[in-house]
Each structure stands twice: as structure tokens, then as C-alpha cells.
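Peer 1: In the order they appear, the protein sequences are chains X and R. Residue 0 is where the first sequence starts when you use numbering that gives the first Met the number 0, and the numbers rise one by one after that. Residue 0 is where the second sequence starts when you use numbering that gives the first Met the number 0, and the numbers rise one by one after that. Quick reminder that beta carbons are idealized off the backbone N, C-alpha and C, glycines included.
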Amino acid sequence: MSTILNLPDQATARVPKRNYLTNENGIMSWLLTGDHKRIAILYLISITFFFFIGGALAGLIRLELLTPQSDLMASDTYNKIFTMHGVVMIFLFLVPSVPATLGNFLIPIMIGAKDLAFPKINLLSWYLYLAGGALTLGAMISGGVDTGWTFTTPMSTHFSNTNVITTGLAIFIAGFSSIFTGLNFIVTLHRMRAPGMTWFKMPLFCWAHYAASILMVLGTPVLAITIVLVALERTVGIGVFDPTKGGDPILFQHLFWFYSHPAVYIMILPGMGVISEVISTFSRKRVFGYTAVAFSSVAIAVFGFFVWAHHMFIMGVSNYAVLVFSLLTMLVAVPSAIKIFNWAFTLYKGSITFETPMLYAFGFMGLFTIGGLTGVFLGTAGTDIHLTETYFIVAHFHFVMVGGMLMAFLSGIHFWWPKLTGRMYPEKISQLAAVVTFIGFNFTFFPQFLLGMLGMPRRYAAYPQEFQVLNVFSTAGATILGVGYLLPMIYLVWSLKYGQIAGNNPWQATGLEWQIQSPPLTENFTTIPIVTQDVYDYEWLERQKEHEVTHVG
Amino acid sequence: MSDSHAVAVAEHGAHEHPAHLRHHFVSLEQQDETASFGMWLFLLTEIMFFGGLFTAYLIYRNWYYPAFVSASHTLSITLGAINTLVLITSSFTMAMGVWCAETKKQKGLIWSLIATIVLGFAFLGIKTVEYKEKFEKHHVPGSSFSIQSFVHPVAEDGKAADKALPADTAARTEVYFSLYFAMTGMHAVHMIVGIGLLLMMLVQAIRGAYSHGNIAFVENFGLYWHFVDLVWIFLFPLLYLISRH
Numbered sequence: 000m001s002t003i004l005n006l007p008d009q010a011t012a013r014v015p016k017r018n019y020l021t022n023e024n025g026i027m028s029w030l031l032t033g034d035h036k037r038i039a040i041l042y043l044i045s046i047t048f049f050f051f052i053g054g055a056l057a058g059l060i061r062l063e064l065l066t067p068q069s070d071l072m073a074s075d076t077y078n079k080i081f082t083m084h085g086v087v088m089i090f091l092f093l094v095p096s097v098p099a100t101l102g103n104f105l106i107p108i109m110i111g112a113k114d115l116a117f118p119k120i121n122l123l124s125w126y127l128y129l130a131g132g133a134l135t136l137g138a139m140i141s142g143g144v145d146t147g148w149t150f151t152t153p154m155s156t157h158f159s160n161t162n163v164i165t166t167g168l169a170i171f172i173a174g175f176s177s178i179f180t181g182l183n184f185i186v187t188l189h190r191m192r193a194p195g196m197t198w199f200k201m202p203l204f205c206w207a208h209y210a211a212s213i214l215m216v217l218g219t220p221v222l223a224i225t226i227v228l229v230a231l232e233r234t235v236g237i238g239v240f241d242p243t244k245g246g247d248p249i250l251f252q253h254l255f256w257f258y259s260h261p262a263v264y265i266m267i268l269p270g271m272g273v274i275s276e277v278i279s280t281f282s283r284k285r286v287f288g289y290t291a292v293a294f295s296s297v298a299i300a301v302f303g304f305f306v307w308a309h310h311m312f313i314m315g316v317s318n319y320a321v322l323v324f325s326l327l328t329m330l331v332a333v334p335s336a337i338k339i340f341n342w343a344f345t346l347y348k349g350s351i352t353f354e355t356p357m358l359y360a361f362g363f364m365g366l367f368t369i370g371g372l373t374g375v376f377l378g379t380a381g382t383d384i385h386l387t388e389t390y391f392i393v394a395h396f397h398f399v400m401v402g403g404m405l406m407a408f409l410s411g412i413h414f415w416w417p418k419l420t421g422r423m424y425p426e427k428i429s430q431l432a433a434v435v436t437f438i439g440f441n442f443t444f445f446p447q448f449l450l451g452m453l454g455m456p457r458r459y460a461a462y463p464q465e466f467q468v469l470n471v472f473s474t475a476g477a478t479i480l481g482v483g484y485l486l487p488m489i490y491l492v493w494s495l496k497y498g499q500i501a502g503n504n505p506w507q508a509t510g511l512e513w514q515i516q517s518p519p520l521t522e523n524f525t526t527i528p529i530v531t532q533d534v535y536d537y538e539w540l541e542r543q544k545e546h547e548v549t550h551v552g
Numbered sequence: 000m001s002d003s004h005a006v007a008v009a010e011h012g013a014h015e016h017p018a019h020l021r022h023h024f025v026s027l028e029q030q031d032e033t034a035s036f037g038m039w040l041f042l043l044t045e046i047m048f049f050g051g052l053f054t055a056y057l058i059y060r061n062w063y064y065p066a067f068v069s070a071s072h073t074l075s076i077t078l079g080a081i082n083t084l085v086l087i088t089s090s091f092t093m094a095m096g097v098w099c100a101e102t103k104k105q106k107g108l109i110w111s112l113i114a115t116i117v118l119g120f121a122f123l124g125i126k127t128v129e130y131k132e133k134f135e136k137h138h139v140p141g142s143s144f145s146i147q148s149f150v151h152p153v154a155e156d157g158k159a160a161d162k163a164l165p166a167d168t169a170a171r172t173e174v175y176f177s178l179y180f181a182m183t184g185m186h187a188v189h190m191i192v193g194i195g196l197l198l199m200m201l202v203q204a205i206r207g208a209y210s211h212g213n214i215a216f217v218e219n220f221g222l223y224w225h226f227v228d229l230v231w232i233f234l235f236p237l238l239y240l241i242s243r244h
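(1) Report the neighbours of TYR63 of chain R on chain X: residues whose CB is nearer than 8 angstroms to its CB, in chain order.
(2) Out of X:ALA394, X:TRP513 and X:HIS413, which one is the CA nearest neighbour of TYR490 of chain X?
(3) In three-state DSSP terms, what is ILE241 of chain R?
(4) Going straight from the alpha carbon of LEU254 of chain X to that of THR243 of chain X, what length do you get?
(5) How far does the alpha helix (DSSP H) with LYS79 of chain X in it extend, from its first residue to its last?
(6) Give every residue of the same chain whose Cβ lies closer than 6 angstroms to the Cβ of GLY147 of chain X, excluding the five residues on either side of it in the sequence, and list them in chain order.
(7) Going by DSSP in three states, ARG206 of chain R sits in which element: helix, strand or coil?
(8) By alpha-carbon positions, which one of X:PHE304, X:MET314, X:GLY370 and X:THR352 ends up nearest to ALA336 of chain X?
(9) Just to make sure I have the definition right: I need the residues of chain R whose C-beta is within less than 7 angstroms of the C-beta of ILE178 of chain X. Which are they?
(10) Can you pull out the residues from the segment 407-422 of chain X whose beta carbon lies closer than 8 angstroms to at least one beta carbon of chain R?
(11) Put ARG422 of chain X into one of helix, strand or coil per three-state DSSP.
(12) Within this structure, are the beta carbons of SER69 of chain X and ALA460 of chain X separated by less than 8 angstroms?
(13) My understanding is that VAL216 of chain X touches ILE249 of chain X, with C-beta atoms under 8 angstroms, so please give their C-beta distance in whole angstroms.
(14) Tell me the DSSP secondary structure of VAL6 of chain R in three-state form.
(15) Any chance you could list the beta strand (DSSP E) runs of at least 3 consecutive residues sitting entirely within the segment 89-139 of chain X, in chain order?
(16) Measuring alpha carbon to alpha carbon, tell me which of X:LYS36, X:ILE40 and X:TYR126 ends up nearest LYS113 of chain X.
(17) What is the C-beta distance between THR187 of chain X and ALA116 of chain X, in whole angstroms, given that I count them as a contact (C-beta under 8 angstroms)?
(18) Would you grab the beta carbon distance between ILE116 of chain R and LEU198 of chain R for me? Rounded to a whole angstrom, and I think it's under 8 angstroms.
(19) Look at ILE120 of chain X and VAL87 of chain X and say whether their C-beta atoms are less than 8 angstroms apart.
(20) So with Cβ pairs under 8 angstroms, would you call ALA320 of chain X a contact of chain R?
(21) For a minimum of 4 consecutive residues, which ranges assigned as the alpha helix (DSSP H) are wholly contained in the segment 330-391 of chain X?
(22) Check each candidate in X:LEU450, X:GLY476 and X:ARG458 and name the one with the smallest Cα separation from GLN464 of chain X.
(23) Suppose the cutoff is 7 angstroms on Cβ atoms and the five residues either side in sequence are ignored; what does the same chain contact list for VAL306 of chain X look like?
(24) Flag this pair as yes or no: are the beta carbons of ILE178 of chain X and SER282 of chain X separated by less than 8 angstroms?
(25) What first and last residue would you give for the alpha helix (DSSP H) that runs through ASN82 of chain R?
(26) Under three-state DSSP, which class holds PRO456 of chain X?
(27) Count the CB pairs spanning the segment 132-149 of chain X and the segment 196-216 of chain X that are closer than 8 angstroms, and state whether there are at least three.
(28) Nearest-angstrom Cα distance between SER1 of chain X and ALA99 of chain X?
(29) Please determine, among R:PRO165, R:PHE122, R:GLU135 and R:ILE214, the residue with the shortest C-alpha to C-alpha distance to GLU32 of chain R.
(30) Compare the C-beta of ALA80 of chain R with all C-beta atoms of chain X and state if any pair is closer than 8 angstroms.
(31) What whole-angstrom Cβ distance do TRP206 of chain X and SER279 of chain X have, given they're in contact under 8 angstroms?
(32) Name the chain R residues whose beta carbon is nearer than 8 angstroms to that of VAL97 of chain X?
(33) Taking the continuous alpha helix (DSSP H) assigned at SER212 of chain X, which residues delimit it?
(34) Please state the DSSP three-state secondary structure of ILE527 of chain X.
(35) Going by the beta-carbon positions, is the gap between PHE344 of chain X and PHE287 of chain X smaller than 8 angstroms?
(36) Looking only at C-alpha atoms, which of R:ARG60, R:THR127 and R:TYR56 sits nearest to ILE191 of chain R?
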């Protein structure tokens, strides 16, 4: 199979002695660092930790659902397990996944800056994340919380006697971590670009993060005030959401989904940024319709704020509201489709190679498309009434979040691994892992579409006998999926010591991050670059190389 | 204003690397612009934060207008107006502080900060008096809330009593007071954070930290303080002045 991989001669190559990892030593040099690259690594370790906690909880859920009875655990334990799975995966993994790790590491380098605009706030955001994570774990260990990650009132304000406030506080704090990350990105992209780096010379990765940051900055505070009101209602007994006092529980839903719908775009947009970079690099072509893809990210961010009520079609909102929000929901499909079609056209007549990041990217395109199209079923009011609160919806958002976002995350981690660490991951076994993940994913979640169509409701520990076959399929698939996630964990750690030396630009990619050493220096660039080339300009890269050869010769 | 700015720029030109230019910025101008841009974005998140409360207020005021009118009448316009005046004055003293920092008048900066702190405490003090009265009249939402004063209103010190409300309307005053405490409470939390930062700045100012042109923190805090003031400018009419003739 052809490959674009271009490594330096392994016999003579060395990982540069001076780089951001070796610049300073000792635990304090990490815990007090202002370096965006080190903070990215700290984030990577922490979110991986929480991913495996969330994954273990998912394993318990699938194990319980292997049989129709509620036999592995009591029903309220099951409620606590799926609540924690949701809280951990959404607030502690998906929201910070790509932005806080790859975004943190790459955005300053991609635009030719030495660091993010506010390094201390960046570090603060990591500590806030840890505080939120620790509180979540604390809430889980000291009895858990059983409201579902949606904290539906009046369940969360009046009837649940579990750790609602602790978990709420954890999300409140983690939310600030997310706000600070988004704020840092927006300011950095506006104010820190190198000379010549215009908005339309920025990689699409930066555009996607810009759009996601807008959502973080504008959406998250609304969640914060909602949590404050729930906490006040639970402790003091104010009456904003309490119908016995004249409050309205639907108002809680409006406020909650005003954040939590844009939040799904916070989660997916950075992943789309990764896919744009990967597809371009492994087809050796400029991304087709660069401007359209860039603006589609912004369009998703803008439309994303006007569709929240599609989570509430059966909650008693007016029929006119349902009509309007159903139409607006269809509109979001347009920019998403623009991206998928433009990636497809980028592939067309490209010189495609199938390294691991590209395999994950293909997985993303297929699974995200299925996830997106099933979203249209749910955005259509008539079918939504049948499908909502069933396993169909569970399958839908897992296709988007796990099939889409997690694939994009793994794609990005493999793609930039040589830049992060200076060493290559082992290619063959990682290709295997990508395929195993894809197969395991489909086995796990496709049966859930069928279960939902047949009417199996979500969030129950027990189910009727006739659903068992599909549930066994799903649990078996989850086992394969688990293997698919454990493999990278093992070989990526292995590669830190034994991987091949990557050199500056193993993928012969065009981004600024590939023109500097791997791993980069603490200050990224010895002199601030002056950007003259266009983005994704492979001919420029060729000329650079020719120049290098003649120069050496 | 523009003159002093020109002076500042000329001075920065004199030494190549002022001590407070952080390594990842090219120039002080870029550093200051970045900081103030960050602050404006942060204020945008604050608008969204209070926006949730204002939305709730808008909905319930439309639903329960008579209850909101009666509940609003229990607030003291005098205290509210005094507090508004106190806050606007504190915004003025803060603006003076920023001006003093820009023109390197250290004494002026210190006194402006002290005045702002005193006015901030005055606001919180008056607010405490108002809260205390709410506790005494059982107007605090929760288990001890009582609609007595709305169902059987009593005339007090020369003011004519409001019309009695039917029990079901009177019950909705609890929503008003829920919002009253949530909104003014969140505003007070922002004031307390602000006073904390002011005290920190005062210590720094006495040490002379702002006499070398490194005043971005003072300027950006000024923006925050004006924002908190501005929130109150909306809260005062919305909570105190419903249907007052």
C-alpha cells in the first residue's frame, strides 16, 4: 500500500534534546506551567482517566442489559450508573476532549504564536477541570446521583435524595473551565496571529475551534445560572421551577437545553476541524470549498442557538413552537452536509493513502452521516413522538458523539502524535485498532436503532423478553469496542519509548505546526514566521523541499 | 487623554523590553489590547449568565403581573434609589481611579480605590437592611414564606395599604421574591468579588505596582465594576418600580 509517511533515517535521527518536554524538569514545572503544550498534555492525561471511568460505567450498563431482568444491580443503582456515565462522558470527556488537548497544543502553533493569549487562565482552566472532576468522583463515591445527566426538575429539585448539589457544583466549576478555554481561543485567534496569517489562511481546525469557542462562551453561562437556580430551589426552596409555587418546570428545560443543545456542537465542531486537516493531508489536496467549510462552522454555531426546543417536543410546548423549532432543526443539517460533501469532493481525484488517522476519519464520515440523518427523524415532530425517549435517541447521539467525535479525537491523536511526542505510533496495530473500533461501534449501537424503533425505552434496567437478542448483540459489540479503545492506550504508551523517530514532518503536511521540530520548543518558533503561502498549499511545500535539497547540495 | 497616551507610547519605545511585557506578546500594545478584548468577552459571558435570570423574570412578570405589582410595592424605593446613587457614584470613583492610574497619579488612585471600596460596602450594607426586613415580614421564599401581608395588608407609617390580594394571586408573590433574591443575590455576589479585587488592587497600588504603566488590570477591573453597576441599573426599575405612580 502506498504511503506518504516520510521518516528520517532511523540510524542517525534523534529526538531533539531541547524541546518543551525536556525544557524544565520536576513535578512543579508541570503543575505551575504556563506552556500551552504542557497544559495540553496535562489535559490529555486527565481526560483519558475520566474517559476510562465513563467507559467502565458504560460497561456496567451493557452488562446489566444483557438480561431482561434487573439482576446485576438494583434499579436505583442502575439509575446512578447511567447518570454518572452521562455526566462524566459529556462534561469531563467530550466537551474538553479535542479543544483542551489538541486545540490547546495546536492553535497557537497553527497561527504562528508563541502561546495562547492568557497562559495563566489556561492553567487555571485545567485546575478548575480537575476540581470539577474530583467533585464528580466524590459525588459518585458518596452515594451517586440518579436524575440523569439532564437534571430534570422537579425530580432534581424535590424528589431525588441523592447528591444533586455536589454534582451540580462539579458541572458549574467544570463549566468555567470550558468558558476560559473558549475565551482564550477567541482572543488568541483575534489578536495573536503571525504577520501574514489572515483569517482565510488559517487551517480549518482553527475555524472550527473559533465556532466552538463562541458556543462555549455564550452557552455555558446559561447552564451555570440554571444550576444555581436548581441549587437554590433544592436548598432554600425558591419557586422558579416549582409548579406548586407558580414556577414552571418547562422553563428549566428551556434554560437547560439552551446550553445543552449548543453543547453538542461544542463537542462535534472541534472534531470536524480535525477531520478537515486529516482528509486534506492524506489526499494531498486543498480542502474543497475552503471558505464554505470555514463558514459552515460558524453557521453551525449560529443555528445551534436556535434549535434547543427540539428536545422538548413531547414536554408540552405549543404546537407552533414545535413547528418552528422543527424547521430550524432542519436548517442545521445544511452546514453539516456542506462539510460532508466538501470532504467527499476533497477526496475526489486526491492521492489517498490509508494511514490510521485517515481510517478513523473515514469512520467519522460514515458514522457521523448516519448519526446526522437519524437526527432528521428526531427533528421531525411526527416521528419524534414515537422515537423520543427510546433507544433510537440513544443510538442517534452515540453515533454522533462516539462514532463522530471519539473517532475524530482518535484520528487527531494519531495524526499529531508524532508532533506531541516526537515519535511515531506503530502503524499496523493502530490500523487494526481503527478497524476494530469501527466494527465494535456498529455492533454496539446499530441494534439500538432497531430497539428504539420497536419501542424499548431508555433509562430502564429491565426490559421485555423480546428485546434480548438485540441487547446481547449490543453488549457483545461493546466488548469489541472496549478492546478497540484499550489498544491505543497500550501502544501509544509503548511508542513513547520505542516508537520510530518522527522528524519534523512525517506526513509532509502543510500546516505551520509541521514546519517546526517535533516535539516543539517551549517558545514554538525561534523567530515569529511571516506567512506568505496559502493554507493547504502542497505545491509550496514541494518547492520548500526542493529548495532545501539544493541548499544542502 | 490622547496626549498622555502619546507620552506613554514614547516611554515604552525608550526601553526595548518593559518588565511587564510577557514573553509571548510582540508589543505592549498587543498585550493590552488582548487583555481588554478578553475582559469584554468575559463580560459577554456575564450578560448570558444574568440573561437567564432576566428571561425568567420576563416570563413570570407577564404571567403574574398583579402579584408582581403588589410584591414590588413592599420594597423601599428610598433605599433602592439611595443604593442606585451609591453605585453610580462608585462607578464614578472607579473611573477616576482608572484615570489616575493612566496619568500616574498614585495618591489619586489610592483614594479613588478607597472611595470605591467604601461605596461598595455601603451598597451591601443598605442591601442587608433591605434583606433583614424581608426576613421579618416572611417574604423570603421557602418554608417560612407567608402570604399574610398580601391577603391582609396593614397600613404603615402614613402609607395607605395596598389592596388585598386573593389567596391564589398572593401565592404568586413567592415567584417574585424568588427572582428578587436570585437576581439581587447574584448581583451582590459580583459586588463581593469586586470588593475583594479592589482590596487586592489597593494593596498593590500602595506598593506602587501601577506606577510603571502596567495598569491593564486596573482598566479591566474598571470595566467589570461598571458592568456590575449596569446590571443594577436594570434591576432597580424591574424590581422596585413596577407600576408605581
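Peer 2: On the basis of the supplied data:
(1) GLY245
(2) X:HIS413
(3) coil
(4) 20 angstroms
(5) 74-86
(6) THR82
(7) coil
(8) X:GLY370
(9) THR44
(10) none
(11) strand
(12) yes
(13) In fact, because the Cβ distance is near 26 angstroms, the residues do not count as touching under 8 angstroms.
(14) Because the pLDDT of VAL6 of chain R is 42, which lies under 50, any placement of that residue in the model is unreliable, and the number read from its coordinates should be weighed accordingly. If DSSP states are grouped into helix, strand and coil, VAL6 of chain R belongs with the helices.
(15) none
(16) X:LYS36
(17) 5 angstroms
(18) 7 angstroms
(19) no
(20) no
(21) 355-378 and 380-386
(22) X:LEU450
(23) HIS260, PHE324, LEU327, THR328 and VAL331
(24) no
(25) 76-101
(26) strand
(27) no
(28) 33 angstroms
(29) R:ILE214
(30) no
(31) That pair is no contact at about 13 angstroms.
(32) Residues of chain R passing the Cβ test: none, with the nearest at roughly 21 angstroms.
(33) 203-234
(34) coil
(35) yes
(36) R:THR127
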